[in-house]
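When the letters of the sequence shown are read in order and numbered with mature numbering (1 follows the signal peptide of the UniProt record, and there is no 0), they come out as residues -19 to -1, 1 to 781. All C-beta atoms in this analysis are idealised placements derived from N, C-alpha and C, irrespective of residue type, glycine included. Below is one structure, written out as structure tokens, with a few remarks after it.
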Amino acid sequence: MTLLTNFALLLTIAVCCNCKSVSLASFLNAVSLRAENLTISLSDVELRGGILSFNGVTLEGNGVHYSGAKHTEPQRDQGKRTVHFPDLANSIDRSIDPCQDFYSFVCNGWIRSHPIPQNHYQYTQTELLKERLNKQIKAILSAPALLPTREDILMRTFYKKCVQNAYSESTEGFRLLFAKTRELHQVSSITDWLLIMKTEQLFHELTVSADEYNSTRNTLQIVPAQPMLSAQIYFDPAYTQEFLATRDVLFRMLAIIAGEDHRMEFISRNLLEHVRRVESLIRVDQTIAKINEETEFNTDSVAVTVGELRHTLRSIDWIRYISAFIPRHLQYSLAKRQVRISQILTVKRMEELLLNMDDQTLEDYLDWKVIFHFSDFLGEKFQLLMEEFSSQVYGVKGRDRTDECVTVTMGMFHDVVGKHYLQRHFNFDSVFGAKELVEDVRNAFLDMLNENEWMDEKTKKRARQKVDTIICEMIGRPNLRKWRLFVEIEGPEVKVARVVEMKGKKRAKCCAVNKNQADSFHANAIRDVIAYDNSIFNETMRKEKYAKLSFNSQNSYYEIVTTMELWMQDKAFLKLETLNTRDSFDTPVTEVNAFYDGSQNQIAIMAGMLQSPFFNASLPRLLNYGAIGVVAGHEITHGFDDNGASYDEAGNKNNWWDEHTYKNFEWKKQCFDEQYGSIVVKDLHVRINGRRTEGENIADNGGMRAAIRAADRLSARVSEHFTIVGLEDFTQMQYFFMNYAFVWCGSTRRATLLNKLATDAHPPDMYRVNVVLSNQPEFAKAFECHPGSPMHPENTCTLW
């Protein structure tokens, strides 16, 4: 079998002079390749004047299996008005009437050609993109560091230890569990328990965050703890299987621990004891879940001093507890320092639960918290148990445990990972187009405000001011498409290849610099790789950030994780002495995500999202407006949803609304609660929670309206008529709506969808398409849907 790989696409191949091997990963990114007796042949090879060039590569071998590159990037014929978008064209199901079910009309083909793999809970466009990103990041974490900084070494050590732990058969974790339990059983107060566990919290969680009434400063904050399972899983018969499977896993956890507890000092092998322990956990967690459900929409907070906390939350000696964590120089007048208690009604009811709990139930519950704390370090038996649970409940098998290590490492070292990802994989071309798009969407939202008929002029003016002051962050790097650095340490020299595109060939020019010059050379190379969030490439800032973090390969994974958690905790408390600025940004750029931060009145679109299917700079802009344009509008609208409307342009909680106008706002958003809350999800017989999903539904609908308006502004400004091959019979606006639906194509396992309905603030993807578009008159006009059809109902909802 022969496989010919075409290099016409934008590929980056860096080849050192005198190098004897080339990594396939450099041009077969995100591709799985297996074969016997593999031969690699390069065509049109030239080596002249230190320049190696070639046009293509042929792979030959027995049983060649090639997979992983199913996604085809859409392309536009230069100089023509034709777009090749085979993934979209092949996905359209013409047997479905788009006015009956637009999601199925657009997505059926994609769903049929992308069955859910056995090791996935769901398979969607977003999941595919995350998969590609994770493979790129895993390659970064697994490869030897080139000119490693101290934080590079820490990051790769952490990842390596995590991978080792994922497949470890060591029982060392049980020894740690039993030792910690012995220590905890010697104390009698909740405060002592918390001081010993350090990073573990119970019914109330102490954090540091921006003061919602003065977002420039940080304050101590107490928030209620979340349950292990949601109330819906405990009390709705539709979730019986998940509840029973969870209960079974708890019993089996105890059996494994009892089997390792040879002295039976922690858990005996008595079945009645196991029943008591499991029932204690479930009883407490059920109550926590019920409290959270009953107070879910009560967001009132109160500010008290640390000294006053003892009157509200009597279970903990707060001055003693906080003194153990807060930096010594900040402990002056600690009793007078402000603490904000969020969701005060929930917190008070959690305190009542704790104070009224009998001693045995409390002891059992605390023991479970210790077990969960150590569960990631209890070896192969625990790993297999959790995998069996996933298989039994969700039908998921064969997940790569190292994928979780990639996720955890990205969370712990997101700026270091992000720096390497941006340097190696991100195309800054996308930022320029996205900037223009976001500005169009922002201006469209302002137009919508100006035309709004239910707001008074004073409130409308404040709303416009809020939109005008929204900061948009898009993380990227300068365009290195034309050249790129590849550094290889070899002996006393650092070899550097500068890759240049010339007439379709890849040419690697080699040079050498002394190792002592390498750091300055590298620094100059990346000095220009900056866009918006300059700190991600600021070596000095990063060195300062990680200066007090210390571990090495001799430490165990548990020791490293504990060190990291304590370091992060210390950093959080140090924020009490710093002011927040609106240009501060500390979010993983590799996430396939966008968000709105009310405390800074800021929207952010991560680098992970500025690529297909959400954005492609080579496509007609109208298609991007239907994808990332709606995302941008969605995030702007979050500033005016059920929560964002409470914050002003400076990010402070402040009632800037006229009373009558706010009543109109409440009345109009109630329409969405009722519209989505009336939906019973197909085949599950479970309703969408219209109240829980209210904010996301408002943002989806407002974002779509803003994107439609922005697309209209674009069409009036530039002539960009085009056709998509295979879809020539559709109009421009139909393409816009089709691409919106296309980014949400995917399948989700039944049990996973049930779980999302119980916990997720978003409705299922099908309804993020169909309900949103059914509320848009422009959609009904574009597809000529008759009034009364599912996609053109009589009753629709509009807020913004």
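- Annotated as distal: G632 and A688, with beta-carbon spacing of 8 angstroms or more.
- The three-state secondary structure of P205, taken from DSSP, is strand.
- The three-state reading of DSSP puts H401 in helix, counting H, G and I together.
- In the DSSP assignment, V412 falls within the alpha helix (DSSP H) that extends over D410 to E432.
- Taking all protein chains in view, the Cβ of T107 is crowded by 16 or more other Cβ atoms within 10 Å, so the residue is classified as buried.
- Judged by DSSP in its simplified three-state form, S190 adopts strand.
- Scanning its chain for C-beta atoms nearer than 7 angstroms, with the 5 sequence neighbours on each side dropped, one finds around Y606 the residues L418, A688, A691, A692, L695 and F717, in chain order.
- Remark: C-beta atoms of V374 and E181 do not approach each other more closely than 8 angstroms.
- With a beta-carbon spacing of about 7 angstroms, A742 and G676 fall inside the 8 angstroms limit used to define contacts.
- The stretch 637 to 645 makes no contact with the stretch 748 to 768: fewer than 3 CB pairs, one atom from each, lie closer than 8 angstroms.
- Counting other Cβ atoms within 10 Å of its Cβ, Q757 reaches 16 or more and is therefore classed as buried.
- H185 and V204 have their C-alpha atoms spaced approximately 6 angstroms apart.
- Looking at the backbone, the Cα of Y538 and that of R93 are separated by about 42 angstroms.
- In this structure, S296 and L591 do not form a Cβ contact; the two beta carbons are roughly 47 angstroms apart against a cut-off of 8 angstroms.
- Considering only Q535, D622, V389 and E525, the residue with the shortest C-alpha distance to I118 is V389.
- Residue pairing by DSSP places H743 opposite no residue, since no beta bridge is assigned to it.
- Just measuring C-alpha positions, the residue of L366, L183, L754 and K317 sitting nearest M234 is L366.
- In this structure, C386 and C143 form a Cβ contact; the two beta carbons are roughly 4 angstroms apart against a cut-off of 8 angstroms.
- M331 places its beta carbon less than 8 angstroms from that of A206.
- Within 10 angstroms of the beta-carbon of R523 lie 16 or more other beta-carbons, which makes it buried.
- Under the three-state reduction of DSSP output, D578 falls in the strand class.
- Following the DSSP letters along the chain, one finds T390 in no beta strand (DSSP E) but inside the alpha helix (DSSP H) bounded by residues R382 to M393.
- In the DSSP annotation of this structure, the continuous segment of the alpha helix (DSSP H) that includes I92 starts and ends at F83 to S94.
- Look at the beta carbons and you see the stretch 656 to 670 touching the stretch 723 to 741: at least three pairs across the two are nearer than 8 angstroms.
- Under the three-state reduction of DSSP output, Y628 falls in the strand class.
- Between T197 and N561, the C-beta gap is smaller than 8 angstroms, which places the two residues in contact.
- Shown here, G620 sits in coil according to DSSP, grouped into three states, outside any helix or strand.
- For A444, the enclosing alpha helix (DSSP H) begins and ends at E438 to D449.
- Closest by C-alpha distance to D217, out of F532, A270 and I134, is A270.
- The bridge partners DSSP lists for K634 are Y628.
- With a 10 Å radius around the Cβ and a threshold of 16 neighbouring Cβ atoms, A626 comes out buried.
- Of the residues E333, D629, D298 and S372, the one whose Cα lies closest to the Cα of K442 is D629.
- At a Cβ-Cβ threshold of 8 angstroms, V256 and T342 do not count as neighbours.
- Counting the other Cβ atoms within 10 Å of the Cβ of D664 gives fewer than 16, which makes it exposed.
- Taking 8 angstroms as the cut-off, the beta carbon of G620 is found closer than this to the beta carbon of I451.
- For H702, the CB contacts under 7 angstroms within the same chain, skipping 5 residues up- and downstream, are R62 and Q713 in chain order.
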